[in-house]
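Note sheet for the following structure.
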Amino acid sequence: MANVQAFAKRSLYYLKQLQWRCLSSTVLSHMSKSPLLFDNVELASNRYDIQRGNFAKATQQDINYFKDILSSQSAVITDAEELIGSNTDWLRVVRGSGPVLLKPENTEQVSKIMQYCNNRNLAVVPQGGKTGLVGGGVPVFDEIILSTSRMNNVIDVDKISGTLVCQPGCILQELEDRLDSDNFILPYDLGARGSCHIGGNLSTNAGGIRLVRYGSLHGSVLGVEAVLADGTVLDCMSTCRKDNTGYDLKQLFIGSEGTLGIITKVAIALAQKPRAQCVALIGCNNFENVKQVFSSARKDLCEYLSACEFMDSKIMSLVENHLKLTNPVQTSSFYVLIEASGSSEQYCKTALLDFLETLIESKVIKEGIVADNSVQIKDVWALRERVLEACQHDGYVFKYDVSLPLRVFYNIVDDLRSRLGSQAKSIGGYGHIGDGNLHINITCEEYNKQLEKAIEPYIFEWIGKYKGSVSAEHGMGFIKRKYMNYSKSEAAYNTMKGIKQLLDPKRRMMDI
Ligand code: 2HG
Ligand code: ZN
Numbered sequence: 030m031a032n033v034q035a036f037a038k039r040s041l042y043y044l045k046q047l048q049w050r051c052l053s054s055t056v057l058s059h060m061s062k063s064p065l066l067f068d069n070v071e072l073a074s075n076r077y078d079i080q081r082g083n084f085a086k087a088t089q090q091d092i093n094y095f096k097d098i099l100s101s102q103s104a105v106i107t108d109a110e111e112l113i114g115s116n117t118d119w120l121r122v123v124r125g126s127g128p129v130l131l132k133p134e135n136t137e138q139v140s141k142i143m144q145y146c147n148n149r150n151l152a153v154v155p156q157g158g159k160t161g162l163v164g165g166g167v168p169v170f171d172e173i174i175l176s177t178s179r180m181n182n183v184i185d186v187d188k189i190s191g192t193l194v195c196q197p198g199c200i201l202q203e204l205e206d207r208l209d210s211d212n213f214i215l216p217y218d219l220g221a222r223g224s225c226h227i228g229g230n231l232s233t234n235a236g237g238i239r240l241v242r243y244g245s246l247h248g249s250v251l252g253v254e255a256v257l258a259d260g261t262v263l264d265c266m267s268t269c270r271k272d273n274t275g276y277d278l279k280q281l282f283i284g285s286e287g288t289l290g291i292i293t294k295v296a297i298a299l300a301q302k303p304r305a306q307c308v309a310l311i312g313c314n315n316f317e318n319v320k321q322v323f324s325s326a327r328k329d330l331c332e333y334l335s336a337c338e339f340m341d342s343k344i345m346s347l348v349e350n351h352l353k354l355t356n357p358v359q360t361s362s363f364y365v366l367i368e369a370s371g372s373s374e375q376y377c378k379t380a381l382l383d384f385l386e387t388l389i390e391s392k393v394i395k396e397g398i399v400a401d402n403s404v405q406i407k408d409v410w411a412l413r414e415r416v417l418e419a420c421q422h423d424g425y426v427f428k429y430d431v432s433l434p435l436r437v438f439y440n441i442v443d444d445l446r447s448r449l450g451s452q453a454k455s456i457g458g459y460g461h462i463g464d465g466n467l468h469i470n471i472t473c474e475e476y477n478k479q480l481e482k483a484i485e486p487y488i489f490e491w492i493g494k495y496k497g498s499v500s501a502e503h504g505m506g507f508i509k510r511k512y513m514n515y516s517k518s519e520a521a522y523n524t525m526k527g528i529k530q531l532l533d534p535k536r537r538m539m540d541i
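The opening position of the sequence shown corresponds to residue 30 in this note's numbering, with each subsequent residue numbered one higher.
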């Protein structure tokens, strides 16, 4: 707290002497394992009202062919125990019975697999780090699982132009570590960094915690190579920032969640690593004040604002109770995490403290603390980044990841609380307020169809009414795809179906 105390004299806000707990290791790896076991998850074909497509079933002859082209025993997994993890999503809400897990190393192998599966009419599901939250990366029935885990080479880092070219199986954290010494960062970041793959990040158009500064991956991805359902290699690779030659086909693979093909190479524009970083955690009495904090942060921190996240008190109590993390701010109805970063350390701290001072003076916030060394910063971020994990410890979680205009943003949480009453164990809201992205987590002891019916489609109708999005950053996957019409016009959805028909006419990849 040394640096913070140096500033404490001139700031009006109350700085507690915190007992910072060193949580760095857990922060980095918390999504690598599910807190619960993968067995006894109900099969998706039983839980959901779905029909298996008319695909072939993999035979021993198919397995032999895969062994032949992958030329490594460990690249073709058929062991039932090992397959359990690959067949079950991290949230434990979707489980398939894929009979084989393939781990190719390069584009050519992916192409051969896809060509073969096309001829044999076998359905395929691509799998990355398995940190998705909508059941898009696991089989629903008995699809062949194609993992990108061995496609994890960095192909090039251009230090002059600041570009990275790599294979899709590179783990986000490993890329971040590698780029650090060259003072680069990726233009996005997320709590699942310890295990998510860059290919999955692109496929789901992952948003994360820095979108407020760097924008979405649609802006920073420069090139994509993808293998289509029939094995065709579609080369849209480039490291140029500008390319106005016709349709920008790579965009189709950003956010299409493996429904059109498998990303096999990525080129991305890197951002400069900021020299200075400070984080504040602020307590607010009501949501109006949360909005005021965000709009003041944009105005006062200007280009130094690099993250703006919020949590309600329900969510904070789950984090405190289930993970035993310490909330350094006095109990409040809402908490806002503001990160400022940039080239000047002096300016970064001064701007953040001035900003907090103004908010205290105008009574917009109750209290705030500032963390400005790496351990404290990680600890404050852990409170926000580990919410997902905390909710999982509360029971079965119905998760909603929505975009809404800020004027009605939190009303939906209050509305759901009065609608659901004691049917739910807890109803909490949090997320990326800087991006207008709300995560609503509703927990109950175990999967409860009645409760689900009370929430859906009510929640999607609510979002549709305010022209929000039923999936802000997690995608549609298997779980949410049936709600597409709440956020897409008929013409837009039909155009999507036309593209799907063109690139995957047999619908052997996840349907839309
Ligand atoms: C986050 O922002 C993730 O922490 C997970 O997107 C959101 O728990 C969720 O629904
Ligand atoms: Zn999120």
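Glycine included, every Cβ here is placed at the ideal spot set by N, Cα and C. On a predicted model such as this, the values are computed, not experimentally measured, just so you know.
Report yes if the CB atom of residue i is closer than 8 Å to the CB atom of residue j, and no otherwise.
i: E396; j: I238; result: no
i: S140; j: D171; result: no
i: R179; j: G198; result: yes
i: N147; j: R536; result: no
i: A305; j: E374; result: yes
i: L120; j: F95; result: no
i: S232; j: G164; result: no
i: N314; j: S370; result: no
i: I214; j: L208; result: yes
i: L263; j: L278; result: yes
i: L310; j: K529; result: no
i: I151; j: F84; result: For clarity, residue 151 is Leu in the given sequence; the question names Ile instead. Cβ atoms of L151 and F84: closer than 8 Å.
i: S403; j: P303; result: no
i: G506; j: C473; result: no
i: F316; j: Y439; result: yes
i: A296; j: L330; result: no
i: V322; j: I283; result: no
i: Y243; j: N230; result: no
i: E502; j: G236; result: yes
i: L347; j: S455; result: yes
i: V442; j: I398; result: no
Any idea if residue i is buried or exposed, counting beta-carbon neighbours within 10 angstroms, 16 or more meaning buried?
i: R436; result: exposed
i: P534; result: exposed
i: S432; result: buried
i: L65; result: Low confidence applies here, because L65 scores a pLDDT of 49, under 50, leaving its location unreliable; read the following figure in that light. L65 should be labelled exposed.
i: C265; result: buried
i: V393; result: buried
i: D187; result: exposed
i: Q405; result: buried
Please list, in chain order, all residues of the same chain as residue i whose beta carbon is under 7 Å from its beta carbon, the five residues on each side excluded.
i: G116; result: For the record, residue 116 in the displayed sequence is Asn; it is not Gly. R124, G125, S126, G127, V167, P168.
i: V499; result: V431, F489, I492, K509, Y512, Y515, S516
i: V409; result: V308, L310, L366, A400
i: Y495; result: L433, P434, V437
i: E349; result: N356
i: Y145; result: Y94
Using three-state DSSP, classify residue i as helix, strand or coil.
i: F170; result: coil
i: I189; result: coil
i: A85; result: coil
i: H422; result: coil
i: H247; result: helix
i: R327; result: helix
i: E254; result: strand
i: L433; result: coil
i: I471; result: strand
i: R207; result: helix
i: N523; result: helix
i: G371; result: strand
i: C377; result: helix
i: L130; result: strand
i: R413; result: helix
i: T288; result: coil
Which residues in the same chain as residue i place their Cβ atom closer than 6 Å to its Cβ, once the five residues preceding and following it in sequence are excluded?
i: I344; result: V416, G457, Y459
i: L72; result: R124
i: L532; result: L257, L289
i: K62; result: Low confidence applies to K62: its pLDDT is 44, below 50, so where it sits in the model is not reliable enough to give any reading.
i: R50; result: Because R50 carries a pLDDT of 32, less than 50, the predicted location of this residue cannot be relied on, and the following value inherits that uncertainty. So no residue of the chain qualifies.
i: Q156; result: G166, I174, S176
i: G158; result: S224, C225, H226, G229
i: G497; result: V431, S432, L433
Between which residues of its own chain and residue i is the CB-CB distance below 8 Å, once the five residues before and five after are set aside?
i: T55; result: Model confidence at T55 stands at a pLDDT of 35, short of 50, so the residue's coordinates are unreliable and nothing is read from them.
i: Q89; result: none
i: L204; result: V183, L193, C195, L215, I227
i: E481; result: F427
i: E111; result: L130
i: Q80; result: none
Would you say the beta carbon of residue i is closer than 7 Å to some non-hydrogen atom of the ligand SAH?
i: G164; result: Because the ligand SAH does not appear in the structure shown, any question about it cannot be addressed here, the ligands present being the ligand 2HG and the ligand ZN.
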